Amino acid sequence: MRTRRENRGRNAAAANRVALIGAAREQFASEGFDASLSAIARQAGVGQGSLYRHFPDRVSLALAVFDDNVTALEALAATPASTLDDLLALITEQTAASVAFIDMLHASDEDPRLRDVVGRVRDLLDGKLRAARHDGRIRPTVTADDLLLAVRMVAGLLAKSVPGERAELADRAWAMLRPAITG
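Just so you know, we're using UniProt numbering here: the sequence shown kicks off at 1 and counts up by one.
Put into structure tokens, the structure is as follows:
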């Protein structure tokens with residue numbers, strides 16, 4: 001006979017939300033953007049109903065999980081001494097930790113909420129790109145969309161690799177891409 005968990009009611013809502021985001025972060029990191037929502041709810045120790053009360057769909061959950069990523073990118077970009085290389089390095093680090101972040105950005109064609117996130121990242125890249133162009137460190141024809149394409153190329157490689165090898169592979173991929181970007 002299965003033991004029924006005590007219903008903690010409304011007081012558990014905040015804790016359940018935190019548990020769901022944590023579980024989703026882990027599941028997305030290991031399984032990608034298409035990770036099982038049932039597995040996320042199980043890992044968080046809540047029922048599917050609780051998951052859907054907090055996050056009505058996969059995109060809502062992904063946005064909650066990856067909001068920290070975009071916030072970290074925005075904080076770095078706001079630092080006057082930061083460079084385009086610094087921003088690309090952080091995006092690459094985030095991608096190595098969870099290729100689902102890039103999967104989410106790929107899915108942006110289907111959902112306007114994701115387009116907004118991609119727009120935020122594109123704007124950050126564009127701001128640092130202008131400074132790099134001004135300093136002569138980037139080809140004048142390179143755009144923020146080109147950089148997003150390069151990030152997606154690196155992410156595609158990382159998605160097919162073992163987590164422990166991702167940092168080295170990312171470094172090697174950027175070493176090959178950098179000459180095309182910098183001239």
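Glycine included, every Cβ here is placed at the ideal spot set by N, Cα and C. Values in this document were obtained by computation on a predicted structure and should not be read as measured data.
Got a sec, what are the start and stop residues for the alpha helix (DSSP H) residue i sits in?
i: Arg120; result: Pro112 to His134
i: Glu26; result: Ala13 to Glu31
i: Thr71; result: Arg58 to Ala78
i: Thr182; result: Arg166 to Thr182
i: Ala96; result: Leu84 to Ala97
i: Arg137; result: Careful: Arg137 lies outside any alpha helix (DSSP H) and carries neither H nor E.
Return the chain-ordered list of same chain residues with a C-beta closer than 7 Å to the C-beta of residue i, the five sequence neighbours on each side being excluded.
i: Pro163; result: none
When the Cα of residue i is compared with those of the options, which residue comes out closest?
i: Gly47; options: Phe33, Phe28, Asn16 and Asp86; result: Asn16
i: Ile138; options: Ile181, Ala96, Ala35 and Ala44; result: Ile181
i: Leu61; options: Glu165, Leu76 and Ala44; result: Ala44
i: Ser30; options: Ala173, Lys160 and Arg178; result: Lys160
i: Glu74; options: Asp34, Phe55, Gly119 and Leu114; result: Gly119
Excluding the 5 residues preceding and the 5 following residue i in the sequence, name in chain order all residues of the same chain whose CB lies nearer than 6 Å to its CB.
i: Leu147; result: Leu125
i: Thr3; result: Low confidence applies to Thr3: its pLDDT is 44, below 50, so where it sits in the model is not reliable enough to give any reading.
i: Asp111; result: Val59
i: Ala173; result: Val154 and Leu157
Less than 8 Å between C-beta atoms, sequence neighbours within five positions excluded: which residues of the same chain meet that for residue i?
i: Ser36; result: Gln27
Inset, instruction - Decide if the stretch 41-53 is in contact with the stretch 114-130; the criterion is three or more beta carbon pairs, one per stretch, under 8 Å apart. - result: No: the two stretches stay apart, fewer than three of their Cβ pairs being nearer than 8 Å.
Inset, instruction - Kindly confirm or deny that the stretch 60-70 and the stretch 25-33 touch, where touching means at least three C-beta pairs closer than 8 Å. - result: These segments touch.
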